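According to my numbering, the sequence shown holds residues 6 to 498 in order.
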Amino acid sequence: MTTTENALPVDRLHATEPEPPGYRWRWFVLGVVLVAEIMDLLDTTIVSVASPAIRNDFGGGTSQIQWIGAAYTLTFAVLLITGARLGDLVGRRRMFLIGTIGFTLCSALCAVSADSGMLIGSRAVQGGFAALMIPQGLGIIREVFPPKEVGAAFAAFGPVMGLSSVLGPTLGGFLVTADLPGTGWRMIFLINVPLGLLAAVLGARLFPGNTRSTDATRLDLPGMVLLSAAVLLLVYPLVQGRELGWPLWTYLSMAGSLPVLGGFGWYQRRVHRAGGSPLVEPGLFTNRAFTAALGVGVVFFAAMSGLMLTLTLAMQLGSRWTALHAGSTMIPLSLGIVAGAIPAGAVLGPRYGRRVMHAGLLVMTLGVLGLWASFAHWGLHITSWELIPGLLVTGIGMGLLMAPFFDIALAGVAEQESGSASGVLNAVQQLGGSIGVAALGTGFFSWAAGHGFVQATGWTLGCAAAALLASAGLTFGLPRMARPEPEPATVTV
6 MTTTENALPV
16 DRLHATEPEP
26 PGYRWRWFVL
36 GVVLVAEIMD
46 LLDTTIVSVA
56 SPAIRNDFGG
66 GTSQIQWIGA
76 AYTLTFAVLL
86 ITGARLGDLV
96 GRRRMFLIGT
106 IGFTLCSALC
116 AVSADSGMLI
126 GSRAVQGGFA
136 ALMIPQGLGI
146 IREVFPPKEV
156 GAAFAAFGPV
166 MGLSSVLGPT
176 LGGFLVTADL
186 PGTGWRMIFL
196 INVPLGLLAA
206 VLGARLFPGN
216 TRSTDATRLD
226 LPGMVLLSAA
236 VLLLVYPLVQ
246 GRELGWPLWT
256 YLSMAGSLPV
266 LGGFGWYQRR
276 VHRAGGSPLV
286 EPGLFTNRAF
296 TAALGVGVVF
306 FAAMSGLMLT
316 LTLAMQLGSR
326 WTALHAGSTM
336 IPLSLGIVAG
346 AIPAGAVLGP
356 RYGRRVMHAG
366 LLVMTLGVLG
376 LWASFAHWGL
386 HITSWELIPG
396 LLVTGIGMGL
406 LMAPFFDIAL
416 AGVAEQESGS
426 ASGVLNAVQQ
436 LGGSIGVAAL
446 GTGFFSWAAG
456 HGFVQATGWT
466 LGCAAAALLA
476 SAGLTFGLPR
486 MARPEPEPAT
496 VTV
């Protein structure tokens with residue numbers, strides 16, 4: 006007999022089937038991936054606070070100190086997409102473990118560096134291992150989580166990334182000041198050692214086996230060279246340009262990255278048509294929703310990184326606050342991120358989709374304009390208390406946007422393209438951050454030299470607010486909702 010009452014979901018008929026690998030431990034797997042993200046983001050932001058102490062130990066000019074941060078950023082950005090593709094080819098678990106162990110060893114080498122040359126070299130290699138570690142996370146999460154929980158897992162990424170970016174300077178200021186136990190600035194690298202070992206051990210035990218998302222077995226070496234050259238031509242002058250006063254070669258280098266990138270795209274299509282395995286799946290760039298996500302990523306992360314730099318410069322150079330004072334002042338921003346991300350990830354994102362991102366960008370813009378008004382009213386005599394409202398509102402908006410961002414950005418990406426998509430999305434995040442720091446940092450110093458710190462802060466915050474509004478416009482190109490949960494199939498009995 007066939008009745009509606011006797012139609013049972015397939016997943017109930019097969020409830021006794023074994024869970025897929027890693028499913029039982031999926032939330033622990035998410036925790037390990039987030040630990041890796043935290044290590045990377047802390048290493049990107051924490052060094053700037055420790056730079057004066059490092060310079061006191063090693064001496065050298067400002068360019069030497071700048072390269073301690075830039076060496077990591079540069080190798081990370083250049084190799085990120087290659088790292089993602091290696092995860093597709095040889096297994097995400099294997100590449101995650103190689104990257105985590107290498108990152109941890111390089112952190113130890115940074116901590117015991119005897120001079121600035123050893124520290125810069127260790128930082129460069131550390132960035133390369135981070136490029137193997139970081140892009141595996143999104144793909145691993147999609148392997149171990151059922152469709153109905155993927156959105157909740159991705160929702161954790163936004164607040165963790167935002168909090169890590171904000172708390173990096175705070176933690177750095179505390180560790181350098183506390184001098185635990187007599188290590189000074191070296192503790193900012195030593196803290197990675199227990200975290201990295203924990204991530205490696207748990208990853209080895211809990212991550213699913215080395216499933217590959219492609220049948221190919223060879224890395225596209227010509228594509229890797231072309232893409233690395235294009236990224237290097239773009240990112241290197243962004244990293245060094247402001248320090249050197251933007252000489253002509255920096256503009257020529259950035260302009261030269263465009264034809265190299267075009268050649269890379271042509272070569273990827275050629276490899277794909279020949280039945281080979283391109284470094285980046287060409288289909289990603291015919292996916293209008295994903296390309297819109299890349300545009301949102303570039304503009305938003307440029308605005309966010311420029312905003313963080315502007316506030317740090319205004320507080321430390323303008324108001325003459327200590328690094329610890331400036332870092333502690335950013336705590337309301339962190340609290341706002343949590344307050345916005347929790348409802349966005351748990352309720353608002355799954356129900357309203359990209360409209361939550363629109364709301365987040367508008368709220369964040371209001372917060373930035375509030376910070377602008379605060380500096381305009383109180384000037385350089387502003388206190389931490391007077392910045393709290395603007396920082397809190399800005400953080401809420403950031404949390405609303407970042408919680409659903411990755412789930413929606415990857416909604417239209419096929420499973421076999423997820424590795425490439427993760428790498429490209431992470432690379433765009435790094436690129437946007439570099440552009441924001443270079444553009445708004447240059448603007449801040451130029452305006453400060455001619456008009457003072459108060460006007461420089463206001464104009465730079467205005468540029469950040471304009472970029473956030475531009476992101477809100479680009480968001481209309483994203484999918485309306487994250488990947489829908491599939492309806493359970495039914496059978497009749």
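A virtual CB, placed ideally from N, CA and C, is assigned to each residue, including glycine. Small disclaimer: the values here were computed from a predicted structure and weren't measured.
Quick check on the DSSP output: the alpha helix (DSSP H) that includes residue i runs from which residue to which?
i, result
"Met403", "Ser389 to Ala414"
"Phe481", "Looking at the DSSP string, Phe481 is not in any alpha helix (DSSP H), and its letter there is neither H nor E."
"Glu154", "Pro152 to Ala160"
"Arg210", "Asn197 to Leu211"
"Trp251", "Careful: Trp251 lies outside any alpha helix (DSSP H) and carries neither H nor E."
"Val117", "It is not in any alpha helix (DSSP H) - Val117 carries neither H nor E in the DSSP assignment."
"Ser121", "Ser121 to Met138"
"His363", "Arg359 to Trp383"
"Ala344", "Ile336 to Pro348"
"Ile550", "Residue 550 is absent from the model: the chain starts at 6 and stops at 498."
Is it buried or exposed for residue i, if we count other Cβ within 10 angstroms and need 16 for buried?
i, result
"Val4", "Residue 4 is absent from the model: the chain starts at 6 and stops at 498."
"Asp412", "buried"
"Tyr256", "exposed"
"Phe481", "exposed"
"Val352", "exposed"
"Pro199", "exposed"
"Trp190", "buried"
"Trp254", "exposed"
"Gly27", "With a pLDDT of 46 at Gly27, under the threshold of 50, the modelled position of that residue is not reliable, and the figure given next carries that caveat. Buried."
"Val373", "buried"
"His363", "buried"
"Pro151", "exposed"
"Gly478", "exposed"
"Asn61", "exposed"
"Gly74", "buried"
Closest by CA to residue i, which one among the options?
i, options, result
"Val442", "Ala454, Ser427 and Thr465", "Thr465"
"Gly228", "Leu249, Met259 and Tyr272", "Tyr272"
"Thr50", "Val38, Ile193 and Thr334", "Ile193"
"Phe159", "Trp326, Ile347 and Trp254", "Ile347"
"Gly457", "Ala319, Phe295 and Ala351", "Ala319"
"Thr182", "Gly107, Val54, Phe33 and Pro252", "Val54"
"Gly311", "Glu148, Val165 and Phe449", "Phe449"
"Ser282", "Gly107, Leu479, Ser425 and Ala364", "Ser425"
"Phe108", "Gly96, Leu102 and Phe134", "Phe134"
"Leu367", "Trp383, Leu266, Gly400 and Ala75", "Gly400"
"Gly88", "Phe101, Thr78 and Gly267", "Phe101"
"Ala235", "Ser339, Ala470, Ala157 and Gly267", "Gly267"
What would DSSP say about residue i, mapped onto helix, strand or coil?
i, result
"Thr188", "coil"
"Asn292", "coil"
"Ala487", "coil"
"Ile193", "helix"
"Val418", "coil"
"Leu284", "coil"
"Arg223", "coil"
"Gly96", "coil"
"Pro242", "helix"
"Ala319", "helix"
"Arg325", "coil"
"Ala75", "helix"
"Trp30", "coil"
"Ala471", "helix"
"Gly64", "coil"
"Gly311", "helix"
"Ala183", "helix"
"Gly302", "helix"
"Ile106", "helix"
"Leu268", "Before going further, note that residue 268 is Gly rather than Leu in the sequence given. Of the three classes helix, strand and coil, the one that applies to Gly268 here is helix, per DSSP."
"Gly173", "helix"
"Gly463", "helix"
"Gly214", "coil"
"Ile59", "helix"
My guess is that residue i and residue j are in contact by the Cβ rule of under 8 Å, so how many angstroms apart are they, rounded?
i, j, result
"Leu143", "Trp30", "Contact doesn't hold; Cβ gap of about 18 Å is too wide."
"Leu284", "Leu232", "6 Å"
"Thr80", "Ala41", "About 17 Å separates the two Cβ atoms, so there is no contact after all."
"Gly417", "Phe295", "6 Å"
"Arg98", "Pro213", "7 Å"
"Gly402", "Ala307", "At roughly 16 Å, the Cβ-Cβ gap does not stay under 8 Å, so Gly402 and Ala307 are not in contact."
"Gly384", "Val459", "5 Å"
"Asn197", "Ser112", "4 Å"
"Ala408", "Pro164", "6 Å"
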